[in-house]
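Peer 1:
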Amino acid sequence: MDILIKRKRGIIKVLFVSFFQIGAFTWGGGYAMVPLIQRELVQKKRLMNDDDFINILSIAQSFPGAIAINTAGLVGNRLAGFPGLLVAIFGSVLPSFIIMIAAATILYHFSGLALLERFFRGAIPAVVALIATGIFSIAKRALKRRFDLILSGLLFVLALVFGFHPFWIILIGALTGLVRKS
Amino acid sequence: MIYFYLFLAFTRIGLLAFGGGIAVLPLIQKEIVDTYQWLTTTQFLDLVTLSELTPGPIAINSATFVGYRVGGIFGAFIATGSFCLPSVIFILFISKFLSLFEGNEKVQKIMKGLRPSVIALMSLAGFSIAQNGIMDWFAVVLCVLSFILVWRKMIDPIFMLILAGFAGIVFYR
Numbered sequence: 008m009d010i011l012i013k014r015k016r017g018i019i020k021v022l023f024v025s026f027f028q029i030g031a032f033t034w035g036g037g038y039a040m041v042p043l044i045q046r047e048l049v050q051k052k053r054l055m056n057d058d059d060f061i062n063i064l065s066i067a068q069s070f071p072g073a074i075a076i077n078t079a080g081l082v083g084n085r086l087a088g089f090p091g092l093l094v095a096i097f098g099s100v101l102p103s104f105i106i107m108i109a110a111a112t113i114l115y116h117f118s119g120l121a122l123l124e125r126f127f128r129g130a131i132p133a134v135v136a137l138i139a140t141g142i143f144s145i146a147k148r149a150l151k152r153r154f155d156l157i158l159s160g161l162l163f164v165l166a167l168v169f170g171f172h173p174f175w176i177i178l179i180g181a182l183t184g185l186v187r188k189s
Numbered sequence: 055m056i057y058f059y060l061f062l063a064f065t066r067i068g069l070l071a072f073g074g075g076i077a078v079l080p081l082i083q084k085e086i087v088d089t090y091q092w093l094t095t096t097q098f099l100d101l102v103t104l105s106e107l108t109p110g111p112i113a114i115n116s117a118t119f120v121g122y123r124v125g126g127i128f129g130a131f132i133a134t135g136s137f138c139l140p141s142v143i144f145i146l147f148i149s150k151f152l153s154l155f156e157g158n159e160k161v162q163k164i165m166k167g168l169r170p171s172v173i174a175l176m177s178l179a180g181f182s183i184a185q186n187g188i189m190d191w192f193a194v195v196l197c198v199l200s201f202i203l204v205w206r207k208m209i210d211p212i213f214m215l216i217l218a219g220f221a222g223i224v225f226y227r
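Protein chains in written order, with our numbering: chain X, 8 to 189; chain D, 55 to 227.
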């Protein structure tokens, strides 16, 4: 019994350390951290096998929330129940939390600083470019059918021109998915 | 009261966060710029840039940043926790009824149906940021150049952002 409790504590510690590292070193979240989790928990720590992991990954995408958080929570829950779930999510969120509070403090003290404003003015067009590459690479994989292409164009117009709340854009997509034959 | 509004806003964002990252930006913008006016559009653009520059999911970065600005450390904690809350509840629910979820045909269909929504929302995010952040020909050149370099995988995206930022420092004097 003691050994079991010790083992569970060990797993919880491993979960926290692993997800803290993953959270601290992946930019953009989501899919960027998938290979890291796999290397850390499947290959190095051998806490689950590849099939388990792929299973968790597909489930993580089928409900709302950040994919990084969902994956962490599902892994934690599978390995150590509810405490594992909380610890894994806490570990993966903590680095962003600390860094953003530091950034917010710095920005607040230096707001109105011309140098910083000029930096952002230059960086924002690059952000737009990054978003565009993201859209293209996803569209290339996901919009294979003309129907999908037309629907995404239509939803874009609904949101941009008619100011539809993102909720409706999500709902319309989900409903058309349910209704049509695959 | 502000904590209650933070809770409401970020639980809503967490509940509707499909497709990850950029697709969630219009939702965040709607809540924190339009509805609650916690940030101006310019501050929102800075936040997006900052989120791209720092590690972690954009939604988490936004929640922490906005929560902190509006309600200090406790506000940051509430906002970030509220964003994660729907995930925690879904995971607990799913682990109880895994058989209902895993390989479920309806769930698969909904996920496929969401793809056009996700792409539309990502385009909306890109469009609204471009509309507010690309004001002159230099910005257009920076945007096109960054796109080519990143799309062709000739440069790391984060490095490109920093480079563009320094180009801004040099050019906009």
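We put the beta carbon where it would ideally sit given N, CA and C, even for glycine.
1) Pull the bridge partners of X/W34 from the DSSP assignment, please.
2) Looking at the C-beta of D/W92, does it have a partner C-beta in chain X at a distance below 9 Å?
3) Quick check: the Cα distance between D/L154 and X/K20, rounded to an integer number of angstroms?
4) Hey, how far is the Cα of D/I86 from the Cα of D/F201?
5) Can you tell me which of X/A109, X/I145, X/V134 puts its alpha carbon nearest to the alpha carbon of D/S171?
6) Whole angstroms is fine: what's the gap from X/W34's alpha carbon to X/D57's?
7) Excluding the 5 residues flanking X/A80 on each side, which residues of the same chain have their C-beta closer than 7 Å to its C-beta?
8) Of all Cβ atoms in chain X, is any one closer than 9 Å to the Cβ of D/A184?
9) So the candidates are D/D88, D/T96, D/K150, D/S141; which of them puts its Cα closest to the Cα of D/I114?
10) Quick one: what's got a C-beta closer than 6 Å to D/M165's C-beta in the same chain, skipping five residues either side?
11) Three Cβ pairs or more, each shorter than 8 Å: is that satisfied between the region 209-224 of chain D and the region 133-148 of chain X?
12) Decide if D/D100 is buried, meaning its Cβ has at least 16 other Cβ atoms within 10 Å, or exposed.
13) Taking Cβ-Cβ distances shorter than 9 Å, what residues in chain X pair up with D/W205?
14) With three or more beta-carbon pairs closer than 8 Å as the criterion, would you say the region 106-113 of chain X touches the region 104-120 of chain D?
15) Check the C-beta distance from D/I82 over to X/S159 and give it rounded, since I have them as a contact under 8 Å.
16) Below 6 Å CB to CB, which residues in the same chain sit around X/A2 once its five sequence neighbours on both sides are set aside?
17) Could you tell me which chain D residues have their CB closer than 7 Å to the CB of X/L167, listed as they occur along the chain?
18) Report buried or exposed for D/T118, applying the criterion of at least 16 other Cβ atoms within 10 angstroms of its Cβ.
19) For D/Y122 and D/F131, what's the separation of their Cα atoms in angstroms?
20) With a threshold of 9 Å between beta-carbons, can X/D59 be considered close to chain D, or not?
21) At the 9 Å Cβ level, is X/F27 part of the contact set with chain D, yes or no?
22) Please report the distance separating the alpha-carbon of X/D59 from that of D/F220.
23) Which residues in the same chain as D/L196 place their Cβ atom closer than 7 Å to its Cβ, once the five residues preceding and following it in sequence are excluded?
24) Give a yes or no on whether the minimum CB-CB distance between X/H116 and chain D is below 9 Å.
25) Between the beta-carbon of D/F137 and the beta-carbon of D/F225, is there less than 9 Å?
26) What residue does the alpha helix (DSSP H) around D/W205 start on, and which one ends it?
27) With a threshold of 16 other CB atoms inside 10 Å of the CB of D/M208, please say whether the residue is buried or exposed.
28) Quick check on the DSSP output: the alpha helix (DSSP H) that includes D/E159 runs from which residue to which?
29) So if I threshold CB-CB distances at 7 Å, which residues from the region 134-159 of chain D count as touching chain X?
30) Please report the distance separating the alpha-carbon of D/K84 from that of X/I10.
31) Please work out which residues of its chain come closer than 8 Å, Cβ to Cβ, to D/G186, disregarding the five sequence neighbours upstream and downstream, and give them in chain order.
32) Just to check my reading of the structure: D/I148 and X/I66 have Cβ atoms closer than 8 Å, yes? What is that Cβ distance to the nearest angstrom?
33) Nearest to X/L185 by CA position, among D/Y57, D/I223, D/F58, D/E159, is which residue?
34) DSSP on X/L150, reduced to helix/strand/coil?
35) Using a Cβ-Cβ distance under 9 Å, would D/L68 count as near chain X?
Peer 2: Looking at the coordinates:
1) Along the first sequence, one-based indexing puts residue 34 of chain X at 27. DSSP lists D/P109, D/G110 as partners of X/W34.
2) Against the second sequence, residue 92 of chain D aligns to sequence position 38. No, no contact with chain X.
3) Residue mapping note: residue 154 of chain D aligns to position 100 of the second sequence, counting from 1. Residue mapping note: residue 20 of chain X aligns to position 13 of the first sequence, counting from 1. If I take the Cα positions, the gap works out to 31 Å.
4) On the second sequence, position 32 is the one that residue 86 of chain D refers to. On the second sequence, position 147 is the one that residue 201 of chain D refers to. Rounded to the nearest angstrom, the gap between the Cα atoms of D/I86 and D/F201 is 28 Å.
5) Here residue 171 of chain D refers to the residue found at position 117 when the second sequence is read from its first residue. Measuring from the Cα of D/S171, the nearest candidate turns out to be X/I145.
6) Translated into the one-based positions of the first sequence, residue 34 of chain X becomes position 27. Translated into the one-based positions of the first sequence, residue 57 of chain X becomes position 50. Near 24 Å, if we compare the C-alpha coordinates of X/D57 and X/W34.
7) Within the first sequence, numbered from 1, the residue matching residue 80 of chain X stands at position 73. Residue identity check: residue 80 of chain X is Gly in the sequence provided, not Ala. Scanning its chain for C-beta atoms nearer than 7 Å, with the 5 sequence neighbours on each side dropped, one finds around X/G80 the residues L92, A95, I96, in chain order.
8) As a first step, residue 184 of chain D is located in the second sequence; it is residue number 130 there, counting from the start. For D/A184, the answer is yes, since a Cβ of chain X falls inside 9 Å of its Cβ.
9) By one-based count along the second sequence, residue 114 of chain D stands at place 60. The shortest C-alpha separation from D/I114 is found at D/S141.
10) Along the second sequence, read from residue 1 onward, the residue named residue 165 of chain D stands at position 111. If we look at D/M165 and ignore the five residues flanking it on each side, it has no Cβ neighbours.
11) Cβ pair count under 8 Å is three or more, so yes.
12) Sequence index remark: in the second sequence, residue 100 of chain D carries index 46 (1-based). Flag for D/D100 reads buried.
13) Position 151 of the second sequence, counted from the start, is the residue given in the question as residue 205 of chain D. Listed along the chain, the chain X residues whose CB falls inside 9 Å of the CB of D/W205 are A136, A139, T140, F143, S144.
14) In short, these stretches touch, since the Cβ pair count reaches three.
15) In the second sequence, the residue the question calls residue 82 of chain D occupies position 28. In the first sequence, the residue the question calls residue 159 of chain X occupies position 152. Rounded to whole angstroms, the Cβ separation of D/I82 and X/S159 is 20 Å, and the two are not in contact under 8 Å.
16) Given a span of 8 to 189 for chain X in the structure shown, any question on residue 2 of chain X remains unanswerable.
17) For the purposes of this step, residue 167 of chain X is taken as residue 160 along the first sequence, with counting starting at 1. Going along chain D in sequence order, the residues near X/L167 (Cβ under 7 Å) are L178, F181.
18) Mapped onto the second sequence, residue 118 of chain D falls at position 64. The residue is buried, with at least 16 neighbouring Cβ atoms inside 10 Å.
19) Residue 122 of chain D sits at position 68 when you count from the first residue of the second sequence. Residue 131 of chain D sits at position 77 when you count from the first residue of the second sequence. Each residue's Cα considered, the two are about 8 Å apart.
20) Taking the first residue of the first sequence as 1, we reach residue 59 of chain X at position 52. The C-beta of X/D59 comes no closer than 9 Å to any C-beta of chain D.
21) Residue mapping note: residue 27 of chain X aligns to position 20 of the first sequence, counting from 1. X/F27 does not count as touching chain D.
22) Taking the first sequence and counting its residues from 1, one reaches residue 59 of chain X at position 52. Taking the second sequence and counting its residues from 1, one reaches residue 220 of chain D at position 166. Between X/D59 and D/F220, the C-alpha separation is close to 44 Å.
23) Reading the second sequence from its first residue, position 142 is the one you call residue 196 of chain D. Excluding positions up to five away in sequence, the list reads A218, A221.
24) Residue numbering aside, residue 116 of chain X sits at position 109 when the first sequence is read from its first letter. It does not: the Cβ of X/H116 has no partner Cβ on chain D nearer than 9 Å.
25) As a position in the second sequence, residue 137 of chain D is number 83, starting the count at 1. As a position in the second sequence, residue 225 of chain D is number 171, starting the count at 1. Cβ atoms of D/F137 and D/F225: not closer than 9 Å.
26) Here residue 205 of chain D is taken as the residue at index 151 of the second sequence, counted from 1. Here the alpha helix (DSSP H) through D/W205 covers 191-205.
27) Mapped onto the second sequence, residue 208 of chain D falls at position 154. Within 10 angstroms of the beta-carbon of D/M208 lie fewer than 16 other beta-carbons, which makes it exposed.
28) As a position in the second sequence, residue 159 of chain D is number 105, starting the count at 1. It spans 159-187 - the alpha helix (DSSP H) in which D/E159 sits, taken as one unbroken run.
29) Those would be T134, C138, P140, S141, V142, F144, I145, I148, S149, F155, E156, in chain order.
30) Walking along the second sequence from the start, residue 84 of chain D turns up at place 30. Walking along the first sequence from the start, residue 10 of chain X turns up at place 3. For D/K84 and X/I10, the distance between alpha carbons rounds to 51 Å.
31) As a position in the second sequence, residue 186 of chain D is number 132, starting the count at 1. According to the sequence shown, residue 186 of chain D is Asn rather than Gly. Closer than 8 Å at the Cβ level, and outside the excluded window around D/N186, lie T95, T96, L99.
32) For the purposes of this step, residue 148 of chain D is taken as residue 94 along the second sequence, with counting starting at 1. For the purposes of this step, residue 66 of chain X is taken as residue 59 along the first sequence, with counting starting at 1. With a beta-carbon spacing of about 6 Å, D/I148 and X/I66 fall inside the 8 Å limit used to define contacts.
33) On the first sequence, residue 185 of chain X is found 178 positions in, with the first residue counted as 1. Of the residues D/Y57, D/I223, D/F58, D/E159, the one whose Cα lies closest to the Cα of X/L185 is D/E159.
34) Counting from 1 along the first sequence, the entry for residue 150 of chain X is found at position 143. In the three-state reduction of the DSSP assignment, X/L150 falls in the coil class, being assigned neither a helical nor a strand state.
35) Position 14 of the second sequence, counted from the first residue, corresponds to residue 68 of chain D. Looking at the sequence provided, one finds Gly at residue 68 of chain D rather than Leu. For D/G68, the nearest beta carbon of chain X is closer than 9 Å to its own beta carbon.
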